[in-house]
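Remarks on the structure that follows.
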Amino acid sequence: MEMEALLFLILIVGLSAFVQGLTGFGIGIPMMLFLPFVFSYQTSVAVTVICAIVISCVLLFKTRENVEIKKILPVTIPVVIMQIISTYFLFVLSDDFLTIALVIILLLFAGLFIVSDRGWQIKASVPNSILAGCATGVCNMLGIGGPPLGYYYHSIFEENIHYLANLQATLLISCATLLIQHIIEGNITLETFEYSAIASVVCVIVLLPAMKVFKKLDRSKLTKIIIVFLIVMAIIKLVEFYLLGGGK
């Protein structure tokens, strides 16, 4: 690996891990915004998935007593089913289409979090759980399954620590399934594991101080951080898309 690529990887992964530790999700968003500048889109997704697994393992271990299996099961099953179906399209859809879809998803969920911060939230129910799971499974195709899942759990779990624990449990199962899919597709190579090993170490180092900050946040501050993060990432991706001549 060239030194420039290594430094770029460390920088982006460090930023992404801090985001996940602070918000409970989001590692895939900055990684999928910036890693494709240096690596292929498919390789970027694979490295992102492995990093997400590492982070979810660490966060889940620290919050495992707050997991509520009965609430996350109706979400997790459709997540796995839909991402198995939708991941196929990652390899057949154009980069322009994937980029536009990513921006729309980020802005959509930023809007939903804004509405949530003003008092309107969806209720926990089996139909809503299935819908959230399906949306997450489809978004995992882009490496950004966190926003729909984070929004739903943000709505149904009042305490931040319960939100974080159940979010990580679902993300871990989802990402583990996604990793198996990438292995079957032949998208995991020795080079990918090299990138992922380095990135995973960076994730753990950055994650621990980020968690300390997370524990000090009240619900309103957490929501506002998520909103700003989603909007900023969408704007950056949109600017990049047009500057690089996307859609031509």
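For the record, in the sequence shown the residue sitting at position 161 is 159 according to the working numbering, with numbers rising by one throughout. Even glycine gets a Cβ: it sits at the ideal position worked out from N, Cα and C. Only a predicted model underlies this, so the values are computations on that prediction, with no experimental measurement involved.
In the three-state scheme derived from DSSP, where H, G and I count as helix and E and B as strand, residue 116 is classed as coil. A straight-line Cα-Cα distance of about 33 Å links residue 180 and residue 210.
Under the three-state reduction of DSSP output, residue 184 falls in the coil class, being neither helix nor strand. Of all C-beta pairs linking the region 188 to 196 to the region 79 to 96, fewer than three are shorter than 8 Å, placing the two stretches out of contact.
Closest by C-alpha distance to residue 1, out of 104, 115 and 36, is 36. In this structure, the beta-carbon distance from residue 185 to residue 70 does not fall below 8 Å. DSSP places residue 227 inside the alpha helix (DSSP H), whose first and last residues are 217 to 241. Taking one beta carbon from each stretch, the region 50 to 65 and the region 150 to 165 have 3 or more pairs nearer than 8 Å; the two touch.
Ranking 95, 12 and 104 by CA distance to the CA of residue 225 puts 104 first. The region 78 to 85 and the region 218 to 237 do not touch, with fewer than 3 CB-CB distances between them shorter than 8 Å. For residue 15, the enclosing alpha helix (DSSP H) starts and ends at 1 to 21. Positions of the alpha helix (DSSP H) runs, each at least 4 residues long and wholly inside the region 109 to 158, are given as 124 to 137 and 144 to 154 in order along the chain. When the alpha-carbon of residue 172 is set against those of 198, 120 and 134, the nearest one is in 134. By the Cβ criterion, the region 4 to 13 is in contact with the region 196 to 214, since at least three pairs of Cβ atoms, one from each stretch, lie closer than 8 Å. Annotation for residue 131: 73, 76 and 77 place their beta carbon closer than 6 Å to its own, counting only its chain and skipping 5 residues before and after.
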